[in-house]
Amino acid sequence: MAEVKFGVATSHVPAIGVAIDNGKEDEPYWAPLFEGYEGARKWMADARPDVVILAYNDHASAFDLSLIPTFAIGVADEFPIADEGYGPRDIPPVFGYPELAWHLAESLILDEFDMTIVTDLPVDHGLTVPMSIVYGKPETWPVRVIPLAVNVIQYPPPTARRCYDLGRAIRRAVHQWDEDLTVAVFGTGGMSHQLQGERAGWVNTPFDTSYLNRLGSEPEALAEVTHTELLKEAGSEGIELVMWLIMRGAMSREVREVHRHYHVPASNTAAGLIIFEGT
Amino acid sequence: MAEVKFGVATSHVPAIGVAIDNGKEDEPYWAPLFEGYEGARKWMADARPDVVILAYNDHASAFDLSLIPTFAIGVADEFPIADEGYGPRDIPPVFGYPELAWHLAESLILDEFDMTIVTDLPVDHGLTVPMSIVYGKPETWPVRVIPLAVNVIQYPPPTARRCYDLGRAIRRAVHQWDEDLTVAVFGTGGMSHQLQGERAGWVNTPFDTSYLNRLGSEPEALAEVTHTELLKEAGSEGIELVMWLIMRGAMSREVREVHRHYHVPASNTAAGLIIFEGT
Amino acid sequence: MATKRLPQHDIPGTYVFDGAHHRKGYALNMMCMTLNVPENRDAFRADEEAYLDKFDLTPEQRRSVLERDWLEMLRLGGNIYYTFKIAAFDGVSMQHVGGQMSGITEDEFTQMMINGGRNSFG
Amino acid sequence: MATKRLPQHDIPGTYVFDGAHHRKGYALNMMCMTLNVPENRDAFRADEEAYLDKFDLTPEQRRSVLERDWLEMLRLGGNIYYTFKIAAFDGVSMQHVGGQMSGITEDEFTQMMINGGRNSFG
Ligand SMILES: [Fe+3]
Ligand SMILES: [Fe+3]
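Residue numbers (the working numbering), protein chains in the order written: chain A, 1 to 279; chain B, 1001 to 1279; chain C, 2001 to 2122; chain D, 3001 to 3122.
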């Protein structure tokens, strides 16, 4: 039986990818951030999930304003690295798991989640930066990935509650799959940040700290946080935090926190990372 | 206040459009079908809704296998007529209602329906044939249309229950809109037919008759009909009937049936039409 | 990995276009999709073989297209809404295609529909 | 038709990209989207004015792009993820853009972030 054993939530700031790709991890600006990622990489070297289901948002790479899916699941064999305006990152392509991805798509739709099923899906920093954070710079990614693209850049994103419930449905579907597989679910984006407007640069460390503290123990409460509160407290781009609840919903009720890191800034963002193991 | 007052369910067979476009309505093959549409056209001439929300499925026109939305709502000013392989139908373009469509999109997503929001949407016979059935051949369509494209050609479509619930959510959203508008909701596709396989030509008149009989009075029961039953009883393409439940869900609990028509065949399909007014 | 993922749709003479069919027929169906564009129809008309060379079809899929073997296309992952674009290109009717798939002539199929359609099977 | 459709997001200095913004900024954002393609970046580099002629921008949107007025682009329906593609094209940083939008220099903005970001506003 396949099982969701691990949950990872992490920011996916593009500049983190640039720092990794250009070997800047030890520079004074970046060192404090990457020191905190060391523990995640060590943990991952042991955990070695077979499949990662990675919830992220596309940032005008695969999708544009002509068509905006709320939830899109990638069922392809392979996902190319997107050109986001300065050439694609020089990293390996991402290999999918079409059989399991189709099982998820079918299960989720029959479970009344209105998925968009996508085959042609270049993946951008939203997906690739979390991969780099926990896997570093391997020749090939040692895991198969099922991308789950969530709209958060067109208002309204799915609610926190809907994301949490999607995670729970993902857990049910994975556990119906008859192959022995260890699955990790990633929720990415956040933490507090605002890229735009006169309030650009917004960071709310008390809010982020509380979010990290409550994610393991009080996910149902976080599922009730409204878009308005997220926009106000976490910033206009901090609303990405709804995707962390997909991960949390996919985990067991009780979880064990195995690693946590929080640092300001990574570019214009408060960067957070938290890892759970199921019980 | 805007109000969903009318519900129309009808087949959307492409050959019906061809017959209308080529003036074949009086030919012996087609006359019995179009005689039954007379009542619908007369009714529509009186009913004159301001807006039609039209649930249909795209048939490899706007979408292809690279991206399959379960529910896509069209928010554009205008929807061009698709070229389905033999040139676009010579009919007027379809004008949308972006303000109301965006209100619906936003309301539905906040109501936990995972809509895909589409601006670039050529519309095919799934949408245009129902328009021709009830409006004939006007110079311009006398109504604004909000297309709601539902996947039914990739298994699995949304469940009948999910479609019915979407209809109910559409009703709630329409009734929150502060403009005096009369809204009709169309559910299209069906009735029993199978285009493919050794069983091609499948028609199940007892099933269709029962469906017509129960749609007004027992929609909750029809919402429990499974995909397997629909595939078996209504045929592989008859599964389109789930879209009729979007219409029914959007209507009041009690409805008055104002017109009904059923004829076999229209091309390879059992053609049905039923019109409800709200109470 | 013998997970039986789908509810059993064991319906004789019926091909359910599920994820497995999607994967199997991807190139075939996407080739059909291109026939929505007039220029592509012209190119297909000019040289079907050369046109098909541009797509990653299996030899069996390629043959089924060239031979207009509608049932074989379904078996090889075709989706009727996609493969019917070839029939539309040919100018043949849904009754022709339905007849061929069910082993009767177009006239027989048309008459069967007029008589109320196929009411029993298998 | 004064329906107030959205929950009030009355957050100072913050532009919520809702349906109204989507409609207003459609051409502007779709123009930005084209910069994902290298050939288009070359064309934009060769002649910005001529490149912009291909899109249905308002005169104000056009000016905001040519002048790299990031805040004005937002006001005119720009979405930061789209308009930032112009900044990426220019090779300027998110701190430069953030500084300009909030009325401080890039260095001041960078230092503000290092000091823990903007913790109060309005
Ligand atoms: Fe992001
Ligand atoms: Fe149809």
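Ideal placement from N, C-alpha and C gives every residue a C-beta, glycine not left out.
Nearest by alpha-carbon distance to residue i: which of the options is it?
| i | options | result |
| --- | --- | --- |
| B:P1286 | B:C1163, B:E1139, B:D1208 | Residue numbering for chain B in the displayed model covers 1001 to 1279; residue 1286 of chain B lies beyond these limits and cannot be assessed. |
| B:R1172 | B:D1046, B:G1087, B:E1106, B:P1069 | B:E1106 |
| D:M3094 | A:Y56, A:H259, A:P14, A:Y37 | A:P14 |
| A:M247 | A:I274, A:D120, A:T209 | A:I274 |
| C:Y2051 | C:M2031, C:W2070, C:V2016 | C:M2031 |
| A:S192 | A:E25, A:T182, A:Y211 | A:Y211 |
| B:F1063 | C:N2029, C:Q2111, C:Q2100, C:H2021 | C:N2029 |
| B:M1115 | B:R1199, B:D1124, B:L1104, B:V1123 | B:L1104 |
| A:E198 | A:L33, A:P130, A:G235 | A:G235 |
| D:E3072 | D:G3019, D:E3060, D:A3020 | D:E3060 |
| D:M3113 | A:D124, A:F71, A:V203, A:G36 | A:V203 |
| A:E277 | A:K137, A:D208, A:A40 | A:A40 |
| A:E27 | A:V52, A:G126, A:A266, A:Q194 | A:A266 |
Is any non-hydrogen atom of ligand 2 found closer than 7 Å to the C-beta of residue i, if you look at the structure I gave you?
| i | result |
| --- | --- |
| B:N1057 | yes |
| D:G3048 | Checking the sequence shown, residue 3048 of chain D turns out to be Glu, not Gly. Answer for D:E3048: no, Cβ out of range of ligand 2. |
| D:G3117 | no |
| B:E1240 | yes |
| B:G1235 | no |
| B:G1126 | yes |
Residues of chain D with CB closer than 8 Å to the CB of residue i, please, in chain order.
| i | result |
| --- | --- |
| B:P1098 | G3019, R3023 |
Can you give me the start and stop residues for the beta strand (DSSP E) that residue i sits inside?
| i | result |
| --- | --- |
| C:Q2083 | According to the sequence as given, residue 2083 of chain C is Thr; it is not Gln. Looking at the DSSP string, C:T2083 is not in any beta strand (DSSP E); the run it does join, the alpha helix (DSSP H), is 2080-2090. |
| B:H1263 | 1255-1266 |
| A:T269 | 269-278 |
| D:V3097 | Where D:V3097 is concerned, there is no enclosing beta strand (DSSP E), although the alpha helix (DSSP H) it sits in stretches over 3094-3102. |
Can you tell me where the alpha helix (DSSP H) holding residue i begins and where it ends?
| i | result |
| --- | --- |
| A:A45 | 31-47 |
| A:D103 | Residue identity check: residue 103 of chain A is His in the sequence provided, not Asp. Element bounds for A:H103: 98-110. |
| B:P1206 | 1205-1217 |
| B:I1073 | No alpha helix (DSSP H) holds B:I1073; the beta strand (DSSP E) holding it covers 1071-1074. |
| B:K1005 | Unbroken run through B:K1005 is the beta strand (DSSP E), 1002-1010; no alpha helix (DSSP H). |
| A:V118 | Here A:V118 belongs to no alpha helix (DSSP H); instead the beta strand (DSSP E) covers 116-118. |
| A:L166 | 160-175 |
| D:E3108 | 3106-3114 |
| C:G2025 | 2019-2033 |
| A:V185 | A:V185 -> not in any alpha helix (DSSP H); beta strand (DSSP E) instead, spanning 181-188. |
| D:E3048 | 3048-3053 |
| A:P147 | Looking at the DSSP string, A:P147 is not in any alpha helix (DSSP H); the run it does join, the beta strand (DSSP E), is 144-150. |
| B:A1055 | Unbroken run through B:A1055 is the beta strand (DSSP E), 1051-1056; no alpha helix (DSSP H). |
Starting from residue i, find everything on chain B with Cβ-Cβ shorter than 8 Å and list it in chain order.
| i | result |
| --- | --- |
| C:K2085 | A1060, E1084, G1085 |
| C:M2113 | G1201, V1203, V1264, P1265, S1267, N1268 |
| A:P158 | I1109, E1112, D1114 |
In chain F, what lies closer than 9 Å to residue i by C-beta?
| i | result |
| --- | --- |
| B:V1075 | The structure shown contains no chain F; its protein chains are A, B, C and D. |
Could you round the C-beta distance between residue i and residue j to whole angstroms and report it? I think they count as a contact, below 8 Å.
| i | j | result |
| --- | --- | --- |
| C:G2098 | C:G2025 | At roughly 19 Å, the Cβ-Cβ gap does not stay under 8 Å, so C:G2098 and C:G2025 are not in contact. |
| B:T1128 | B:I1073 | The pair is not a contact, with the Cβ atoms about 17 Å apart (cut-off 8 Å). |
| B:L1121 | B:A1060 | Wrong, their Cβ atoms sit about 14 Å apart, outside the cutoff. |
| A:L148 | A:D50 | No, A:L148 and A:D50 are not in contact; Cβ-Cβ is about 17 Å, not under 8 Å. |
| A:I133 | A:T10 | 6 Å |
| B:T1188 | B:L1054 | 7 Å |
| B:F1186 | B:P1130 | 6 Å |
Find the residues of chain A that neighbour residue i, judging by a C-beta separation of less than 7 Å, and give them in chain order.
| i | result |
| --- | --- |
| B:L1065 | T119 |
| D:F3055 | Within 7 Å Cβ-Cβ: nothing; D:F3055 doesn't reach chain A, min ~13 Å. |
| D:S3064 | Result: empty, since nearest Cβ-Cβ is about 14 Å, beyond 7 Å. |
| D:H3009 | T228, L231 |
| D:Y3082 | A60 |
What does residue i touch in chain C if you count any residue whose Cβ is under 9 Å from its own?
| i | result |
| --- | --- |
| B:K1024 | Result: empty, since nearest Cβ-Cβ is about 14 Å, beyond 9 Å. |
Under 7 Å: does the beta carbon of residue i sit that close to some heavy atom of ligand 1?
| i | result |
| --- | --- |
| A:H12 | yes |
| C:G2013 | no |
| A:G189 | yes |
Under 7 Å Cβ-Cβ, which residues of chain D neighbour residue i?
| i | result |
| --- | --- |
| B:E1003 | By Cβ distance, chain D contributes nothing, its closest Cβ being about 14 Å from B:E1003, past 7 Å. |
Closer than 7 Å: is that where the CB of residue i sits relative to any heavy atom of ligand 4?
| i | result |
| --- | --- |
| B:G1238 | Ligand 4 is not among the ligands present in this structure, which contains only ligand 1 and ligand 2. |
Output, in chain order, the set of chain C residues within a Cβ distance shorter than 8 Å of residue i.
| i | result |
| --- | --- |
| A:A169 | Correct list: empty, because the minimum Cβ distance to chain C is about 15 Å. |
Using a Cβ cut-off of 7 Å, pull out every chain C residue sitting near residue i, in sequence order please.
| i | result |
| --- | --- |
| B:G1036 | Correct list: empty, because the minimum Cβ distance to chain C is about 16 Å. |
| B:G1197 | G2013, T2014, Y2015, L2074, M2101 |
How would you list, in chain order, the residues of chain A whose beta-carbon sits under 8 Å from the beta-carbon of residue i?
| i | result |
| --- | --- |
| B:I1246 | Those do not exist, as B:I1246 stays about 12 Å from chain A at its closest Cβ, beyond 8 Å. |
| D:V3092 | What D:V3092 touches in chain A: nothing, since even the nearest Cβ is about 12 Å away. |
Given that residue i touches chain B, what residues does it touch there, using C-beta distances under 7 Å?
| i | result |
| --- | --- |
| C:Y2026 | L1065 |
Output, in chain order, the set of chain A residues within a Cβ distance shorter than 9 Å of residue i.
| i | result |
| --- | --- |
| D:G3116 | V203, T205, V264, P265, A270 |
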